[in-house]
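Chemist: Before anything else, here's the structure in question.
Dropping the structure here:
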């Protein structure tokens, strides 16, 4: 039997899936960033539609309270999302630094040529 909390959970999981898919469709979210959110939304929807599943999994893993298992799973997913974002941020910072250095070198190469072209006393 579905309680109001099951309905709310199913609606929330459905909204997460719809929003992520819509962001993917519009191109505002890349696939590699959406994987964990799609995973979390799907797991949330499955656990909501089959309420006894979380109880069985918790019992199998030796967790007394199934809600603790759900919170732990959520924390793990958020940790993995955070690690993915940190990796991407590190990669982009390194790329930005490299590009800034390349621009500085190009500016340095162009500066003497521009200065001598504009300065009549150097001719």
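Residue numbers (the working numbering): 991 to 1113. C-beta atoms are modelled at their ideal positions from N, C-alpha and C, and glycine is treated no differently. The model shown is predicted, which means the values in this text are computed figures rather than measured ones.
Scan the region 1021–1047 and note each continuous alpha helix (DSSP H) run of 4 residues or more that stays entirely inside, going in chain order.
Modeler: Counting only runs of 4 or more, we get 1021–1039.
Chemist: Considering Cα atoms alone, identify which of 1042, 1056 and 1025 is closest to residue 1009.
Modeler: Along the chain shown, read from residue 1 onward, the residue named residue 1009 stands at position 19. It is 1025.
Chemist: Assign residue 1052 to one of two classes, buried (16 or more other C-beta atoms within 10 Å of its C-beta) or exposed (fewer than that).
Modeler: Here residue 1052 refers to the residue found at position 62 when the chain shown is read from its first residue. Under this definition residue 1052 is an exposed residue.
Chemist: Give the DSSP-derived three-state secondary structure of residue 1050 in the structure shown.
Modeler: Taking the first residue of the chain shown as 1, we reach residue 1050 at position 60. It is helical.
Chemist: Does the distance from the C-beta atom of residue 1044 to that of residue 1030 stay below 8 Å?
Modeler: As a position in the chain shown, residue 1044 is number 54, starting the count at 1. As a position in the chain shown, residue 1030 is number 40, starting the count at 1. Their beta carbons are not under 8 Å apart, which means residue 1044 does not touch residue 1030 by this criterion.
Chemist: Quick one: is residue 1041 near chain D, going by C-beta distance under 8 Å?
Modeler: Looking at the structure shown, chain D is missing, and only one protein chain is on hand.
Chemist: Just checking my contact of residue 1042 with residue 1006 at CB under 8 Å: how many whole Å lie between their CB atoms?
Modeler: Taking the first residue of the chain shown as 1, we reach residue 1042 at position 52. Taking the first residue of the chain shown as 1, we reach residue 1006 at position 16. That pair is no contact at about 22 Å.
Chemist: By DSSP, does residue 1122 sit in helix, in strand, or in coil?
Modeler: Residue 1122 is absent from the model: the chain starts at 991 and stops at 1113.
Chemist: If distances are taken between C-alpha atoms only, which option among 1084, 1039, 1055 and 1070 comes closest to residue 998?
Modeler: Sequence index remark: in the chain shown, residue 998 carries index 8 (1-based). Considering only alpha carbons, the answer is 1039.
Chemist: Can you tell me the Cα-Cα spacing of residue 1075 and residue 1011, whole angstroms?
Modeler: Residue 1075 sits at position 85 when you count from the first residue of the chain shown. Residue 1011 sits at position 21 when you count from the first residue of the chain shown. When rounded, the distance between both Cα atoms is 19 Å.
Chemist: Report buried or exposed for residue 1036, applying the criterion of at least 16 other Cβ atoms within 10 angstroms of its Cβ.
Modeler: In the chain shown, the residue the question calls residue 1036 occupies position 46. Label assigned to residue 1036: exposed.
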